[in-house]
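So the protein lines, in turn, are chains A and B.
Under our numbering, the first sequence has 153 at position 153, and the numbering climbs by one with no breaks.
Each number in our numbering comes from the position in the second sequence (counting from 1) with 192 added on.
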Amino acid sequence: MKPLMIFISAAVVNNLVLAYFLGICPFLGVSKRLDTALNMGFATTFVMTLTAVITWLINTHILIRFDLPFLQYVAFIITIASLVQLVEMFIRKTSPPLYRSLGIFLPLITTNCSILGLALFEALREYTFIESLFFGLGGGAGFTLALVLMAGIREELEFADVPESLKGAPMTLLVAGMLALAFMGFAGLLTV
Amino acid sequence: MAGSGTILKEFKKGLWAENPVIKMLLGMCPALAVTNSATNGFAMGMATTFVVISSSTMVSLIRRIVPRQVRIPTYIVIIAGFVTLADLFLKAQFPVISKALGPYVPLIVVNCLIMGRAEFFASRHPLFPAIMDALGMGLGFTGVLVVLGGIREILGSGSIFGVVFMTEEVFTPWVVMILPAGAFLTLGLLIGIINYASQRREST
Chain A
1 MKPLMIFISA AVVNNLVLAY FLGICPFLGV SKRLDTALNM GFATTFVMTL TAVITWLINT
61 HILIRFDLPF LQYVAFIITI ASLVQLVEMF IRKTSPPLYR SLGIFLPLIT TNCSILGLAL
121 FEALREYTFI ESLFFGLGGG AGFTLALVLM AGIREELEFA DVPESLKGAP MTLLVAGMLA
181 LAFMGFAGLL TV
Chain B
193 MAGSGTILKE FKKGLWAENP VIKMLLGMCP ALAVTNSATN GFAMGMATTF VVISSSTMVS
253 LIRRIVPRQV RIPTYIVIIA GFVTLADLFL KAQFPVISKA LGPYVPLIVV NCLIMGRAEF
313 FASRHPLFPA IMDALGMGLG FTGVLVVLGG IREILGSGSI FGVVFMTEEV FTPWVVMILP
373 AGAFLTLGLL IGIINYASQR REST
């Protein structure tokens, strides 16, 4: 039961983007079109789930066992960077169209703070292996949800009469604020 | 060697003209996440300034040694090393602030502002301009964080730097301002107002 709660908590109640401000850069940068947002969301979810599992293994079986907590940040970031590299090579070999449509966003997943944030939260809350897996899946689902919602709203905003000085980033931030307000409605749904 | 005028320019551009948060939209995550009070914003800004200066120094020193192909991993390991230092220092000297900032201190590693300065400036310039550039960017970042934290703290809890100056009787705090939604709204409006002001100045 607990893994499912963690999934829902990470995806909706404590959404990484709208409640923890993680992954704001791609959230603002890649949310112009619905289809790119969806692809970005899937790629990030994939990397996030793998990261959650692998950093758990590294943290539990290497860093904690040999008492090396000060290497945590370096170890995590290297894991993420190499995972992104692997995923990039894999997608380029297996699906060139997908590779082209993701383009520059793929390497940028490395500096997506939601992924490192996820690994850090996971270590901080001392999740088990299964819980970490569901946390990664939930975090990815939450990121995709926020990104897709934002892209949908921004596609509609194209036709709206936005004041000149609010065009672009300010308007996106204001919309994100309203989304965050809406997501506050989920607070108290779960206590994980 | 460039004259002192250009050095000053490298320093000043980060404060306003190329301010990381307001103009370039870099480092948004910490700018939004830890600015629920002016003190937290200041601490985060100082930690980031330390990391950006140290990593720019290091990157500038080794810029001729590192092969182009492995530069990004090299930079990120350097940054992660300095972030670990900053984190341990905060934990030892300012445990309260360290607790308030929580996992956002290690998240400085993926602050795109630092990587951006390493990649676009420090790796192409000698030591002294690189340090001045990092100092300007760090202070510009700190400035925005303190302003943002100040606005949110005043409206959200009626205090500034932890000092309560508006009691519950005269002012009902807008709780939403210290919640996530308030961060997005405040920064959005702040950038909007700055855009409005600079557009008006240009048109007159």
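C-beta atoms are modelled at their ideal positions from N, C-alpha and C, and glycine is treated no differently.
| request: Using a Cβ cut-off of 9 Å, pull out every chain B residue sitting near E164 of chain A, in sequence order please. | output: N387, Y388, Q391
So, is the C-beta of M48 of chain A closer than 8 Å to a C-beta in chain E? Here chain E cannot be found, since the structure's protein chains are A and B.
request  = With distances taken Cα to Cα, identify the nearest neighbour of I77 of chain A among B:I254, B:D279, B:P298.
outcome  = B:P298
- If you measure beta-carbon to beta-carbon, which residues of the segment 261 to 288 of chain B are closer than 9 Å to chain A? I264, P265, I268, V269, I271, A272, G273, V275, T276, D279, L280
In chain order, which continuous runs of the alpha helix (DSSP H) of length 4 or greater are located wholly inside the segment 250 to 296 of chain B? 263 to 285, 287 to 293
Problem - Under 7 Å by beta carbon: chain A residues contacting P298 of chain B - result: Y73, L120
Does the Cβ-Cβ distance between G138 of chain A and I6 of chain A come in under 8 Å?
-> yes
>> If I follow the unbroken alpha helix (DSSP H) through S390 of chain B, where does it start and stop?
In response: 372 to 395
- Message: Which residues of the segment 167 to 181 of chain A have a Cβ closer than 9 Å to any Cβ of chain B? Give them in chain order.
- Response: K167, G168, A169, P170, M171, T172, L173, L174, V175, A176, G177, M178, L179, A180, L181
**Item:** Helix, strand or coil at S229 of chain B [DSSP, three-state]
**Value:** coil
Open item on the list: Measuring only the C-alpha atoms, how far is T44 of chain A from G140 of chain A?
Closed with: 6 Å
Q.
So, under 8 Å CB-CB, E131 of chain A and K2 of chain A are touching, yes? Tell me the CB distance rounded to an integer number of Å.
A. 7 Å
In whole angstroms, what is the alpha-carbon distance linking A19 of chain A and W56 of chain A? 23 Å
Out of curiosity, what's the CA-to-CA distance linking F357 of chain B and A239 of chain B?
28 Å
- request: Just mark Q72 of chain A as buried or exposed, buried being the case when its beta carbon has 16 or more other beta carbons within 10 Å.
  value: buried
Considering Cα atoms alone, identify which of B:S252, B:V301, B:A326 is closest to F274 of chain B. B:V301
Considering only C-alpha positions, which residue in the set B:V355, B:S395, B:I383, B:S351 is nearest to M143 of chain B? Absent from the model: residue 143 of chain B. The displayed extent of chain B is 193 to 396, so no value can be given.
Given P397 of chain B as reference, the closest of B:A235, B:G206, B:S349 once Cα atoms are compared: The structure shown does not extend to residue 397 of chain B, since chain B is modelled only from 193 through 396, so no value can be given for it.
Exercise for review: List the residues that DSSP assigns as beta-bridge partners of I352 of chain B.
Suggested key: B:V355
Can you tell me the Cα-Cα spacing of T144 of chain A and L22 of chain A, whole angstroms? 13 Å
Q. Does the beta-carbon of R392 of chain B have 16 or more other beta-carbons within 10 angstroms, so that it is buried, or is it exposed?
A. exposed
Locate the alpha helix (DSSP H) running through M171 of chain A, then write down its first and last residues. 169 to 183
### Query
Given I199 of chain B, which residues of its chain have a CB within under 7 Å of its CB, disregarding the five upstream and five downstream residues?
F320, P321, M324
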